[in-house]
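If you're matching positions, the sequence shown starts at 0 in numbering that gives the first Met the number 0 and goes up one per residue. For glycine and all other residues, C-beta sits at the position ideal for the given N, C-alpha and C. All values derive from a computational prediction rather than experimental measurement.
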Amino acid sequence: MFAIRTVLPRGKQFAAALGNATRQIHLSHSCRYFAGSQVQALQKQQQQLQQQQKVQSRWLSGKSSKSESEDALQRIYYGTLAPRMKLVKFFSLSTSLAGIAAQPILLEQGMKIGGTGMAVFLCSVGGFFTFVTPLLLHFITKKYVTEVHYNPKTEEYTATTISLLLMKVKTTFRPSDVVVPEVPGMFTSFLVNKRPLFVDPALFDDPEHYVKIMGYDKPIDFKLDLSSREAKPTKSKEQQ
Numbered sequence: 000m001f002a003i004r005t006v007l008p009r010g011k012q013f014a015a016a017l018g019n020a021t022r023q024i025h026l027s028h029s030c031r032y033f034a035g036s037q038v039q040a041l042q043k044q045q046q047q048l049q050q051q052q053k054v055q056s057r058w059l060s061g062k063s064s065k066s067e068s069e070d071a072l073q074r075i076y077y078g079t080l081a082p083r084m085k086l087v088k089f090f091s092l093s094t095s096l097a098g099i100a101a102q103p104i105l106l107e108q109g110m111k112i113g114g115t116g117m118a119v120f121l122c123s124v125g126g127f128f129t130f131v132t133p134l135l136l137h138f139i140t141k142k143y144v145t146e147v148h149y150n151p152k153t154e155e156y157t158a159t160t161i162s163l164l165l166m167k168v169k170t171t172f173r174p175s176d177v178v179v180p181e182v183p184g185m186f187t188s189f190l191v192n193k194r195p196l197f198v199d200p201a202l203f204d205d206p207e208h209y210v211k212i213m214g215y216d217k218p219i220d221f222k223l224d225l226s227s228r229e230a231k232p233t234k235s236k237e238q239q
């Protein structure tokens, strides 16, 4: 009995020690799991930050390149008729839209007044002012250059014109791409890739750019066909 009494407290102590050990093991496992999850979360956050930084760097580089290219351009020409031309085109387009909206009313009123003939006459007159006027204005003003920018890095010029819907149309060219017609057409100063453009020489900030574009800085070609003249004496000598 005494041996059993002495063993029992030792067993209790052993059981308590085992319980403490198991608790410590569970706590260590939980701590390791918690630490591992934190490490994974930190790694994911770092990856997301790196991706965001890459995207931001690409966007900033693209924006900086665009801003640098835009800053590199120097405006050397501005057409004084550009604001008035825009207003006239805007008024013409607005009247064209109003004419399209008024076509059903004209057709109805024409049928009431004079039948089919009057309706056709009114619709044809309204259609003429609705469609022909803006097209005619665009045909006249599509060659007019509103702005010319110069890029000294690439030595390229960018001419800006206005489209039918008041959108800017940019044409990039070099002096080597310019062709000056022998007989200039109506509202045509030079051709760029077979596209006629009209500029006013007095509106250039620096006349040297106009001289360079038109090719006046090159040697004058009098277009004397000397080869044909040399060939004629040789033929006469052979006949003799």
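Option nearest residue i by Cα separation, candidates the options
| i | options | result |
| --- | --- | --- |
| P174 | Y76, H208, G126, F203 | H208 |
| L164 | Q42, A118, F90 | F90 |
| K167 | E181, K141, L135 | K141 |
| Y215 | D204, F189, G98 | F189 |
| G192 | L105, T170, D205, M213 | The sequence given here places Asn at residue 192; Gly does not occur at that position. Of the listed residues, the one whose Cα sits closest to N192 is T170. |
Bridge partners - residue i, DSSP secondary structure assignment
| i | result |
| --- | --- |
| P174 | Bridge partners of P174: none, in fact. |
| R194 | V191 |
| E155 | N150 |
| T160 | V168 |
| R74 | H148 |
| Y143 | F197 |
| F203 | Y76 |
Neighbourhood of residue i by C-beta, 6 Å cutoff - its chain only, sequence neighbours within 5 removed
| i | result |
| --- | --- |
| A100 | none |
| A118 | L106, G109, M110 |
Residue i versus residue j: straight-line alpha-carbon distance, rounded
| i | j | result |
| --- | --- | --- |
| S66 | R194 | For S66, the predicted model reports a pLDDT of 48, less than 50, meaning its position is unreliable and no value from the coordinates is stated. |
| P180 | Q73 | 27 Å |
| A81 | T145 | 6 Å |
| G184 | M110 | 46 Å |
| F130 | P200 | 33 Å |
| T115 | P103 | 13 Å |
| F128 | F138 | 15 Å |
| I75 | L202 | 9 Å |
| D204 | H148 | 11 Å |
| Q47 | N150 | 40 Å |
Beta-carbon proximity list for residue i, same chain, < 8 Å, skipping 5 on both sides
| i | result |
| --- | --- |
| P133 | K88, S91, L92, S95, L163 |
| Y143 | G78, L80, A81, M84, T160, I161, F186, F197 |
Close-in-space but distant-in-sequence residues of the same chain around residue i (CB under 7 Å, 5 per side omitted)
| i | result |
| --- | --- |
| E154 | R173 |
May I ask you to verify whether the segment 170-185 touches the segment 113-133, counting CB pairs closer than 8 Å and requiring at least 3?
Counting C-beta pairs closer than 8 Å gives fewer than three between the segment 170-185 and the segment 113-133, which falls short of the contact rule.
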